[in-house]
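Trainee: Residues 1 to 62, numbered by UniProt numbering, are exactly what the sequence shown covers, in order. Glycine included, C-beta positions come from ideal geometry on N, C-alpha and C. Note that this is a predicted model, so its numbers are computed, not measured.
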Amino acid sequence: MYEYDYSGDMKFFQDQLAAKGITKKMLDMNNFAGLTARELQNIVDSARLIKKGETAGEPASA
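What follows is the structure, encoded as structure tokens:
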């Protein structure tokens, strides 16, 4: 099944990120032009804020 690249306004996805507290400066969805709507939604769904120092000092395997 072929999905066309998303041709709408990225504001739809950017607003979802804003609701999570993620600003456009932190993650600009315009950088992902050329992806399908499903791929863009997966990025939004996976995005989360991590407090500074939350993972500091811990090895990746911990």
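Expressed to the nearest angstrom, what Euclidean distance is found between the alpha-carbon atoms of alanine 47 and leucine 17?
Mentor: Approximately 8 Å between the Cα atoms of the pair.
Trainee: Which same chain residues, not among the five before or five after leucine 27, have their C-beta less than 7 Å away from its C-beta?
Mentor: Result list for leucine 27: Leu17, Ala47, in chain order.
Trainee: Using the Cβ count rule (16 or more neighbours within 10 Å means buried), how would you classify leucine 49?
Mentor: Exposed.
Trainee: Report buried or exposed for tyrosine 2, applying the criterion of at least 16 other Cβ atoms within 10 angstroms of its Cβ.
Mentor: That one is exposed.
Trainee: Based on the DSSP output, what are the partners of threonine 23 in its beta bridges?
Mentor: DSSP, once it has assigned bridges, lists no residue as partnering threonine 23.
Trainee: So what's aspartate 28 in DSSP terms, helix, strand or just coil?
Mentor: Here aspartate 28 sits in coil by DSSP.
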